[in-house]
């Protein structure tokens, strides 16, 4: 905190930047995130002080997209369960499912979602996407189409979330009930998108084949029934935590910082 009063540019990670922090940074002109999210920044307080907030949008898109596909593959092939069994000296073979010929539902077709679409098509999947503002110019080669959220849930063998949160969870009990029986759900976007109780209930009734998440209401999360569930895969918010993504995000954040600080006011 002792450096904040003289700070004019803040290169920010995921740490909370509260109203109190901003009050101490009396000379601050810009906060530049080395990532895309601004959840940890008090945007209202920054706006009141006239502090610019910049993000490294898209820098982590490839890393997050690859993790989403990784989690789908790991879930449908039961990799964590079989790994744990072997390490416990048990020989347990669980029949898995292949991705080729199945349908992938991508909710949110921005920079991350588009990469997931292309990866899914490359694996021989049919891909259906829902986006609040679909881009008709995005038309990758393969079995791809935009559709409604309801249709996406009903036909997809795996659903992956890549959209911003809203006032209420996108995947609630009604949404889970609309999903194809045995479907696999992945959330590498925001924890607020998913109603945990609805997912836990569906797993208990075997209506969901499995769930994987990289995001939590609190980080690190407190152990709970959902996290401990044998058909839930958890990762510690590592979607954008790759060598390449970190490098891209850091360079983008520095460039944004310098651009704002060197632009005449």
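Residue numbers (this note's numbering): 174 to 438. C-beta atoms are modelled at their ideal positions from N, C-alpha and C, and glycine is treated no differently.
Reduced DSSP category for residue i - H, G, I as helix; E, B as strand; rest coil
i, result
"residue 430", "helix"
"residue 205", "strand"
"residue 299", "strand"
"residue 181", "coil"
"residue 423", "helix"
"residue 406", "strand"
"residue 210", "coil"
"residue 224", "coil"
"residue 400", "helix"
"residue 386", "strand"
"residue 267", "coil"
"residue 273", "coil"
"residue 411", "coil"
"residue 350", "helix"
"residue 331", "strand"
"residue 195", "helix"
"residue 306", "coil"
"residue 292", "helix"
Limits of the unbroken alpha helix (DSSP H) element including residue i
i, result
"residue 376", "369-377"
"residue 278", "Looking at the DSSP string, residue 278 is not in any alpha helix (DSSP H); the run it does join, the beta strand (DSSP E), is 276-280."
"residue 359", "Taken as a continuous stretch (DSSP letters only), residue 359 belongs to no alpha helix (DSSP H), being part of the beta strand (DSSP E) at 356-360."
"residue 246", "234-249"
"residue 259", "252-260"
Contacts around residue i, its chain only, beta-carbon distance under 6 Å, and the 5 residues preceding and following it disregarded
i, result
"residue 408", "387"
"residue 338", "363, 365 and 366"
"residue 421", "232"
"residue 298", "272, 275 and 277"
"residue 343", "366"
Status (buried if at least 16 other CB within 10 Å, exposed otherwise) for residue i
i, result
"residue 362", "buried"
"residue 240", "buried"
"residue 181", "exposed"
"residue 329", "buried"
"residue 176", "exposed"
"residue 223", "exposed"
Residues near residue i in its chain [Cβ-Cβ closer than 8 Å; skip 5 each side]
i, result
"residue 389", "364 and 410"
"residue 294", "300, 313, 314, 315, 316 and 317"
"residue 373", "398, 399 and 402"
Element boundaries [beta strand (DSSP E), containing residue i]
i, result
"residue 187", "Taken as a continuous stretch (DSSP letters only), residue 187 belongs to no beta strand (DSSP E), as it is neither H nor E."
"residue 318", "317-319"
Residue i: CB within 7 Å of a non-hydrogen atom of the ligand NAP
i, result
"residue 320", "For the ligand NAP, the structure offers nothing, since it holds no ligand at all."
Cβ-based neighbour list, residue i, same chain, cut-off 7 Å, excluding 5 preceding and 5 following
i, result
"residue 348", "326"
"residue 353", "327, 328, 329 and 330"
* Asked: Does the count of Cβ pairs from the region 265-282 and the region 205-217 closer than 8 Å reach three?
  -> no
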